[in-house]
Each structure stands twice: as structure tokens, then as C-alpha cells.
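Line order of the protein sequences matches chains A and B. Note that our numbering gives residue 23 to position 18 of the first sequence, counting from 1, and the numbers run on in steps of one. Note that our numbering gives residue 292 to position 210 of the second sequence, counting from 1, and the numbers run on in steps of one. Working notes for the structure below.
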Amino acid sequence: MSTNSSTVSPAGATSTATTLSREQVATRVNASLRRRHRQEIIFKGMGIGATVVGLAFVAILFINIFSKGLPAFWQASITLDIYFDPEVVAIPDMPQRLSGESGNDFRQRRVDWENEVGLVNFNRLIQAAIAKVIPEAADHPRDAARLVTSGERIALRRLVIADPSIIGQTRRVTLYTDANIDVWLKGNIDRSLPDGQQMLNSRVREWADRLYEDGTISLRFSTALFQNPDSRSSLASAGLRGAFMGSLYMMLIVLLVAVPLGVASAIYLEEFASRNRVTDLIEVNINNLAAVPSIIFGLLGAAVFINYFKLPFSAPIVGGLVLSLMTLPTVIITTRATLKAIPPSIRHAALGIGASRTQAVFHHVLPLAIPGILTGAIIGMAQALGETAPLLLIGMNAFVASVPSTPFDQSNALPVQIYLWQGNELRNFFEGRTSAAIIVLLALMLSLNGLAIWLRKRFETRW
Amino acid sequence: MSNLSLLLLLLGLLVVGYQIGLHRSRGLVRGATGERLHSRPQYHGVVVGLWAVGPALILVVIWQLLAPGVIEQALVSQLQDVQPGLSDQEQRVALRRIDNLASNKGLVMGAHDWELTAAQTLSAMRKTSGWILAGLSATLIALGLLFSLSRMSPSLRARNQVEKVVQGVLMISSGVAILTTIGIVLSMVGETLKFFTFISPLDFFLGTTWQPVFHVTETSGYGHYGMLPLLGGTVLVAAIALLFAIPVGLLAAIYLSEYAPGRVRSFAKPALEVLAGIPTIVYGVFALVTVGPFLASVGDMVGLHIRATSALTAGLVMGIMLIPFISSLSDDIITQVPKALRDGSLGLGATKSETIRKVVLPAALPGIAGAVLLAASRAVGETMIVVLAAGNAPVLTANPFEAVSTMTVTIVNQLTGDSDFAGPQSLVAFALGLTLFAITLVMNIVALAIVRKYREQYE
Numbered sequence: 006m007s008t009n010s011s012t013v014s015p016a017g018a019t020s021t022a023t024t025l026s027r028e029q030v031a032t033r034v035n036a037s038l039r040r041r042h043r044q045e046i047i048f049k050g051m052g053i054g055a056t057v058v059g060l061a062f063v064a065i066l067f068i069n070i071f072s073k074g075l076p077a078f079w080q081a082s083i084t085l086d087i088y089f090d091p092e093v094v095a096i097p098d099m100p101q102r103l104s105g106e107s108g109n110d111f112r113q114r115r116v117d118w119e120n121e122v123g124l125v126n127f128n129r130l131i132q133a134a135i136a137k138v139i140p141e142a143a144d145h146p147r148d149a150a151r152l153v154t155s156g157e158r159i160a161l162r163r164l165v166i167a168d169p170s171i172i173g174q175t176r177r178v179t180l181y182t183d184a185n186i187d188v189w190l191k192g193n194i195d196r197s198l199p200d201g202q203q204m205l206n207s208r209v210r211e212w213a214d215r216l217y218e219d220g221t222i223s224l225r226f227s228t229a230l231f232q233n234p235d236s237r238s239s240l241a242s243a244g245l246r247g248a249f250m251g252s253l254y255m256m257l258i259v260l261l262v263a264v265p266l267g268v269a270s271a272i273y274l275e276e277f278a279s280r281n282r283v284t285d286l287i288e289v290n291i292n293n294l295a296a297v298p299s300i301i302f303g304l305l306g307a308a309v310f311i312n313y314f315k316l317p318f319s320a321p322i323v324g325g326l327v328l329s330l331m332t333l334p335t336v337i338i339t340t341r342a343t344l345k346a347i348p349p350s351i352r353h354a355a356l357g358i359g360a361s362r363t364q365a366v367f368h369h370v371l372p373l374a375i376p377g378i379l380t381g382a383i384i385g386m387a388q389a390l391g392e393t394a395p396l397l398l399i400g401m402n403a404f405v406a407s408v409p410s411t412p413f414d415q416s417n418a419l420p421v422q423i424y425l426w427q428g429n430e431l432r433n434f435f436e437g438r439t440s441a442a443i444i445v446l447l448a449l450m451l452s453l454n455g456l457a458i459w460l461r462k463r464f465e466t467r468w
Numbered sequence: 083m084s085n086l087s088l089l090l091l092l093l094g095l096l097v098v099g100y101q102i103g104l105h106r107s108r109g110l111v112r113g114a115t116g117e118r119l120h121s122r123p124q125y126h127g128v129v130v131g132l133w134a135v136g137p138a139l140i141l142v143v144i145w146q147l148l149a150p151g152v153i154e155q156a157l158v159s160q161l162q163d164v165q166p167g168l169s170d171q172e173q174r175v176a177l178r179r180i181d182n183l184a185s186n187k188g189l190v191m192g193a194h195d196w197e198l199t200a201a202q203t204l205s206a207m208r209k210t211s212g213w214i215l216a217g218l219s220a221t222l223i224a225l226g227l228l229f230s231l232s233r234m235s236p237s238l239r240a241r242n243q244v245e246k247v248v249q250g251v252l253m254i255s256s257g258v259a260i261l262t263t264i265g266i267v268l269s270m271v272g273e274t275l276k277f278f279t280f281i282s283p284l285d286f287f288l289g290t291t292w293q294p295v296f297h298v299t300e301t302s303g304y305g306h307y308g309m310l311p312l313l314g315g316t317v318l319v320a321a322i323a324l325l326f327a328i329p330v331g332l333l334a335a336i337y338l339s340e341y342a343p344g345r346v347r348s349f350a351k352p353a354l355e356v357l358a359g360i361p362t363i364v365y366g367v368f369a370l371v372t373v374g375p376f377l378a379s380v381g382d383m384v385g386l387h388i389r390a391t392s393a394l395t396a397g398l399v400m401g402i403m404l405i406p407f408i409s410s411l412s413d414d415i416i417t418q419v420p421k422a423l424r425d426g427s428l429g430l431g432a433t434k435s436e437t438i439r440k441v442v443l444p445a446a447l448p449g450i451a452g453a454v455l456l457a458a459s460r461a462v463g464e465t466m467i468v469v470l471a472a473g474n475a476p477v478l479t480a481n482p483f484e485a486v487s488t489m490t491v492t493i494v495n496q497l498t499g500d501s502d503f504a505g506p507q508s509l510v511a512f513a514l515g516l517t518l519f520a521i522t523l524v525m526n527i528v529a530l531a532i533v534r535k536y537r538e539q540y541e
């Protein structure tokens, strides 16, 4: 600054005026002013440029995800008139509860019966139904079977179990087509590729086009995405339900572990702890813990929860505990900030009329802090919801094709499901599925954050 | 699951104890000796409930922590009698098989007789331990109830006692954060020391080849576990990310805090911060599916060979992730610079940009340095972006267009799908984790110290 003062400040200009004429000074000053104003514009332009670049990335990211993911919510589905041929669906009558039969025995017979229904070759029903719309399909049953994804047999089985009287009748059912049909119809594979590189043979492709044109196959909103767990055998019916439930359990554990612990430590540090070295140590420690890479918490989980405490692998309980420890600093820091913002006059008033310190805090300060604490807890949970790396280390990247019924069952989590799907070999299909899963995850996180902002706006008190 | 029912049982007991205490203490007053209760009956109830459940709860927790270890020790010493000469590795495998046999989970192929007997002993020991625990806790509960009821009197300072307990619980809660740190350090130091029994620390820290052998045979040895290629990859990716994020983030922060009109600021700041809320896995997929192929095709156009998954791809996307981090931190710091400094400079005739460059930024420099350091520690510890987009090639290179591997990627690769921490293949993950922890810890401490000092300077 000081070295430039001769050109910058007017004082410098007058001191050199002894040797220069007024006009020379004026031209010099004007020239330097022009230069400086140009610099000003350039600098401001750089700032605008940087902001635009940043915003452009936000836009590109979202456009990219939505353009890929939104179409994946609509999935190629085939509507067929399925005749439940009594010859194919040759099953005994549904067991009725006999008088004097115990509930367990009846349930066992019922399960046996359902298993028997599962043995029926439902593919033959589907093939027959397809042969009705494409006559030549009768000669190529294997190709006909490739139109419908293999998991849809279970849908037919479910229909029979729900109502055995449909045997012998014809029902109009909508089934998901094979993932490759979906890829072909949406143009997600280069249609001009030679036969050898296509996933489907030319006959099936031609059928698919024909059925798509006459409306038998249409793009419908995919409920499979929300109702089914992951699947490897029937890719078109792979869904997010297992992952969603896993994430839900983990969020519950975070809510039950991280939030109470975090709030309690924040209250202690802010309201009770005396300023000494131990408190300082805890503070430094919490600040550092907030900046420890998340994967380190995964290592902690693998070593302590799984290796030492022998908790089950891939289970939401372990994931939830790991995420709780990870979120703890966030909850503590936000809660402390909230408590700090509550004016001391509240505490003084309570103490002044004879409340103990604990009563002052729990009866007067804490109720005022609840909106802020909730906001912090929700933000922490949103952060935990999106975290992937630590979960990989405790085995949550395993393929799980079931919906967990307790936090101790094997399970997936939403972000890990995204990781698994992006690695699926059937890229053309799973690129869309992955983006759809990302949209679901982002929507959940945004609604959590939106809730936090709403809470803050709604209950915010300015002191 | 038995733990859960135990907890529920204790919770129920708490309620029962509370009710007993409540009624008893009310009875004290109703006796009408003219004496008043020091504390309200509810506090007496809580005291009784706590005495009934507290000691038992502490016992259960300690028992659960220690019993598995003790049982395993007993089992091991028995195994050594029955089956002497088992190597460490074989012993660990045997223990796991016995555990599976005892708890009926998973199939165990071809179980030996001695394994079956051991499994029976194990489940017998577990059962005994469970009975002892149940008996002890029942005694403790009864004793606690009797003791607290016998002490109950109108003058009992029940409220003060309850408040002491509440404060104690709060204090213990704040200790969890410390415990977490200790847990991280201890667990990783333990496994790292085990790792160093296979590979010498010198080879690990200074080796330039990363070539672990996954299926160890008698002759092949363990392979090379030199960390430097991974460290190199980590630094390379983080440097690219920072080179991209610092100018963009800093300039955006300057524009938004100094130039932007209110309306632009109120729109652009939250919009940028959206980037901070996006999970890293999303960035990873974005890098892999979109940015990587884009960079590769740009490379083709200008005649450069850029791999789709490379240090550049990962670094660039990580840079995008760090933009809001740097911009919001620097924004805070820039707005903290006192207005007087700005006014002084403007008053001397400096333009706005000159004021910013020559007065505001130098004054804010320490704080910005702290912010950059925090961002760097994030970049070093970031996992999902590099797992997906860096290409996973552990070679020592400074070419950003090549695939690299980082410490975090290697931790994931070495540890996923394997919970048996027997060989160096998985133990190395902890050695890498400890190194990573140490690096980020130093960065964080320095950064936080700088930021705090800076804040005090202008407060």
C-alpha cells in the first residue's frame, strides 16, 4: 500500500507537481485512473465469473441428474390378458381352517400351500398370453419369455394366492417388461448397432417395437422402484424399498442416540461446565471430531462394533451407531450455538425467584432452545442420510434382496444402493435407475433441510 | 435382542420404583407430623426409581462389555489344552467356527468333534454368564429398592440428589465425544501395530511400490505395502481440487460479500450452498458418468490423452464440492474485517478492488488460510468421489491425466467385504486410516487455531 501511494493518493500527485506542469499531472492522473478503473471492472468481472461458474455447476449437476433420472420413473410395462389355465395352475384348494385345528398348524398348511403355488410354471401363462397378441411367438416360447422380466412370475403368484377363484378366468394384468426392452424402447442403446452387440435378438426387438406401437407396451409410472427391494435376477423389478427401510432404521438410531447425547453434552458444556482445562480439551476435541474424515468412523465401526462387540455385519444397527458418532459433533455444535443465543436474563430471572440451576436450565432455557435444537438435529440427520463411505466398511455394500424387518437384519442404505447400482453391468438400464435413486435421496434430504428451515423461520425468536 | 428386553424390563422397573417412591413420600406427609417434605414427592419417586435401576444398569453394561472377552479367554485356554499347536490364524478361524456353531448362525462345514464340544462349552458358559448376571441384577434391584425406601424421610434432600444425577449424566454424555476420539485412536493403533508385525514401518511409510498379495502362499510373501504412491495420489487429487476451488470459491465470496446487490446475494448464496448439501456419492456418480467422459473427449479434441477416470476428473469434481465450503467460510471471514479498515482505504481514494486486494484480503489472509486448510483436510479425507472417479491405479505419478489411487480408496478396497482382521491385507487399512487421521488432525488443529486467533484479533 505504501509503495503505491504516489500513484494512488492525491497527496502524491501534488508533491511531484513541483517538477511537472499541471497538464502533465492531469494526463498522468487520468491515465492511471483509467487503468485503475479498468482493473476495477476486471476484478469485479472475475468475481461475477466465479459466481456464475459456481451456479453453473449447480445447474449442470441438477439438469444432468434430472434429465437422466426422471425418465427412469416411467418404465416399460406390458398389458396382457392372462388366462389362468387350470391345467397349468394345477393346485389344490386353498386350505381352510378346520375346526379344532391349532392356529400354528393352519398357518403351516397355508405356507405349504403358498409354496406349492410358487412351483407353478407361471411363465407358461405369460407365454400363452403373449402368443395371443403376437401369433408367431407361440413358436418361440423362449423369446416370448424374454419380453417380461423374470420377477413378474411372483406378481402372478400373488394374484393367485390373494384370490384362487381367478383360476380358469382371464385377467388383464400389467407386468414390467425385461430391462433390456425398456432400454431398447427408450433408445438408451444405439439402435443401429449390429445384432452381435445388441442385448436382444432381432425378433424380440421387432416384437417390442410392434407392441409399443399398438399400445400393449407403454411407459408407466414405476411402482416397482418404491415397492421392491434390490434384485439381481430380475433387474427391471429392482427397487429401493430395502435401502429405504435400512436408511430409515439408521435415521431412527441416529435420532435416538446422537440427538440425546449431543443435546446433553451441549447443555453440560454450555450451562454447567466450569471453564477449566478439561472443558477446553473437550471443546477442542469436539471441533476436531467434526472435521475427521467420515471414513475414519467406518474404521472405528469395523474395529469396535463388529470385531469387538460382534454386532452383525451389514446391519442398520451398526450403521446407525457409526453415523451417530459421526453426527454427534454437528448436533453438539448447533445446540451450543442455540443455547448461547438465549439471553442470560432468562436464567437470571429464574435463579432470582429461587429456581436451582438445573431447574432454570430445564424449565426455562431448554424450552426456548427447542426449535434451534430440532433444526440442528435435522441438519445432522440429513448429513448422516447422505453418507456412504463409513457404511462400505461395515459391510453395507453387500447385495441384500430383502426388506429388513429389524435393525439387526442385513440391509442396504440409500446412498450405498446408488453406489451398487452405478456399478451394475447393465449400464444402459441402471444409469437411469441410479439417477432416479439419486433424485429420491436428494428429495429426502431437501425435505429434511426444508423442514429445518421452516422450523427455524416459524419459531425463531429475536432477542 | 435379549439386551433390548432387558432394557425394557429395567425401564419398567424404573416406573414401578418411581410410583412406589411417589406414594410413600406422599404417605409421609399424610402422617401429619407437622413436618414438610424438603422436596416434592416426584423427586422422591425419581430417587427410589434410580436406586432400583441405576446399580443394576451399570452392572449390566459392565458385564456386557467384559463378559465376551472373559468367556473367549476361557475358551482359548481350553482349546490350547485340547488342541495344542494351533497357530494364531488357525485359532482365530476355529473361534469363529465355534461361535457360529454355538449361536446356530450360518452353516459350518465339516465340524470336528472337538469343535462341537467347544461349541457346547461356549453356549454353556454363555448361559451360566446370563444366569449369574440375572441373579446379581435381581439382588441389586432389591437392595437398591430397600435401601432407598429405608432412607426416605421428609428431610431427605431428594431434589438435590436428582439434580446431581442429572448433572452427572450430562457430564458423562459430553465424555462420549472424548471416548469416540480415544476409541478411534486406540482401535487404529492396535490394528496398526498388528500390521507392523507383518510389514516393517519403514517399508510402509517410505516404500514406493503398492502391490499387496491377496492370496498369500508359502513362497509369495505378503507383497509390497509402500504407502507413497497412495499418498502421492491423495496429494495430487487434493491439489487439483484446491487449485480449482480456491480461486472460484474465494472470488465468488468476494463478489457476493462486497459487490453483489442484495437480491443477487440472497439468491446466489443459498444456491451455491446447495452444493454443500449434496451427498458425495452423487458427486462420484456425476464424475464417473458425466465429467470423466466429457474430459476424455475434450482431451481427444486437443490431442491429449486423458483417461475418463483420472486424477483430473476426481480433482475437478472434488473442487466443485469444495466451492461452497471455501466461499461460505471466506465470506464469514471477509465480513468480519472491520469496516473502519475499508473506510480508511476508500477515504484515501483507493478503488473498491484496490481496497479489497490491498486492505481487506491481507487483513483476512490468516482466516482464509485457515479455511483453505480446512478445505484441504476435507479433500484429503474425501472418499466416494475418488473411489468412483480416480481410476484406482496405485502408481506414483504427477500426471493429472493418469489414473491414481488414494489412501481413502485403498482403505475401502482393502476392507470391504472382509471382517477378518487377520492378515496384512485388511490390517493395512487401519495403518492407512491412522496416517490419514494424523494428517487431517494436524491440518484441523492448525486451521482451527488460525481461525480462532483471527477471530479474537477482530473481536
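Heads up, the beta-carbon is just placed ideally off N, CA and C, and yes, glycines get one too. Bear in mind that the values here come from a model prediction, so they are computed numbers and not experimental data.
| query | result |
| --- | --- |
| Measuring only the C-alpha atoms, how far is B/S501 from A/D235? | Because B/S501 sits at a pLDDT of 49, beneath the cut-off of 50, its placement in the model cannot be relied upon, and the point is left open. |
| Does DSSP put B/Y304 in a helix, a strand or coil? | coil |
| Taking only beta-carbon atoms, is B/A390 less than 9 angstroms away from chain A? | no |
| Count the other CB atoms within 10 Å of the CB of A/Q388; is the residue buried (16 or more) or exposed (fewer)? | buried |
| Mind checking whether the beta-carbon of B/A485 lies closer than 8 angstroms to any heavy atom of the ligand ADP? | The ligand ADP is not among the ligands present in this structure, which contains no ligands whatsoever. |
| When we look at the beta-carbon of A/D187 and count the other beta-carbons within 10 Å, is it buried (16 or more) or exposed? | buried |
| Rounded to whole angstroms, what's the CA-CA distance from B/R208 to B/I153? Just pull it up for me. | 8 angstroms |
| Counting contacts by CB-CB distance shorter than 9 angstroms, is B/S211 in contact with chain A? | no |
| Ordered along the chain, which non-local residues of its own chain (more than five positions away) have a Cβ less than 7 angstroms from that of B/F277? | P506, L509, V510, F512 and A513 |
| Just reading off the alpha helix (DSSP H) that A/T339 is part of, what are its end residues? | P321 to A346 |
| Residues in the segment 35-46 of chain A with C-beta within 8 angstroms of chain B's C-beta atoms, listed in sequence order? | R41, H42, Q44 and E45 |
| List, in order along the chain, the chain B residues whose C-beta lies closer than 9 angstroms to that of A/Y424? | I363, G366, V367, M466, V469 and L470 |
| Using the C-alpha atoms, what's the distance from B/A453 back to B/M489? | 23 angstroms |
| Name, please, each residue of chain B whose Cβ falls closer than 7 angstroms to the Cβ of A/Y273. | L252, M253, S255 and S256 |
| If contact means a Cβ-Cβ distance below 9 angstroms, which residues of the segment 417-443 of chain B contact chain A? | S427, L430, G431, A432, T433, K434, S435, E436, I438, R439, K440 and V441 |
| Applying the 10 Å Cβ sphere with the 16-neighbour rule, what's the burial state of B/T210? | exposed |
| Roughly how many whole angstroms lie between the Cα atoms of A/S207 and B/S269? | 58 angstroms |
| Going by DSSP, what residue range makes up the beta strand (DSSP E) through A/F71? | No beta strand (DSSP E) holds A/F71; the alpha helix (DSSP H) holding it covers R27 to A77. |
| Starting from B/E512, find everything on chain A with Cβ-Cβ shorter than 9 angstroms and list it in chain order. | Sequence inspection shows Phe at residue 512 of chain B; the Glu mentioned does not correspond to that position. Near B/F512 (Cβ distances below 9 angstroms), the residues of chain A are L304, A307 and A308. |
| With 7 angstroms as the C-beta to C-beta threshold (strictly closer), list the residues of the segment 426-442 of chain A near chain B in chain order. | Q427, E436 and T439 |
| Do A/L66 and B/F368 have their beta-carbon atoms positioned less than 9 angstroms apart in this structure? | yes |
| Chain B beta carbons: is any one of them nearer than 9 angstroms to that of A/V255? | Before going on, a small fix: residue 255 of chain A reads as Met here, not Val. No, its Cβ sits nowhere closer than 9 angstroms to a Cβ of chain B. |
| Hey, B/R106 and B/R241: beta-carbon distance below 9 angstroms or not? | no |
| For B/T417, report the span of its alpha helix (DSSP H) as first-last. | A393 to Q418 |
| Can you give me the C-alpha to C-alpha distance between A/T179 and A/S82, rounded to a whole angstrom? | 6 angstroms |
| Among the residues of its own chain, which have a CB less than 8 angstroms from the CB of B/K246, if the five just before and after it don't count? | none |
| With a floor of 4 residues, list each alpha helix (DSSP H) that falls wholly inside the segment 430-512 of chain B, ordered by position along the chain. | 434-437, 443-463, 466-471 and 489-497 |
| In the DSSP assignment, find the unbroken beta strand (DSSP E) run with A/V178 in it and report its ends. | T175 to Y181 |
| Note down the Cα distance separating A/L260 from A/I383, rounded to an integer number of angstroms. | 9 angstroms |
| Compile a chain-ordered list of the residues in the segment 354-365 of chain A whose CB is closer than 7 angstroms to at least one CB of chain B. | S361 and T363 |
| My understanding is that A/P97 touches A/W79, with C-beta atoms under 8 angstroms, so please give their C-beta distance in whole angstroms. | The pair is not a contact, with the Cβ atoms about 40 angstroms apart (cut-off 8 angstroms). |
| Strictly under 9 angstroms for the Cβ-Cβ distance: is A/P265 near chain B by that measure? | yes |
| Kindly list, in the order they appear in chain A, the residues whose Cβ is closer than 8 angstroms to that of B/T492. | Within 8 angstroms Cβ-Cβ: nothing; B/T492 doesn't reach chain A, min ~11 angstroms. |
| How would you label B/H126, buried or exposed, when you count the other beta carbons within 10 angstroms and need 16 or more for buried? | buried |
| Alpha carbons only, please: which of B/V295, B/A457 and B/I467 is nearest the one belonging to B/L370? | B/I467 |
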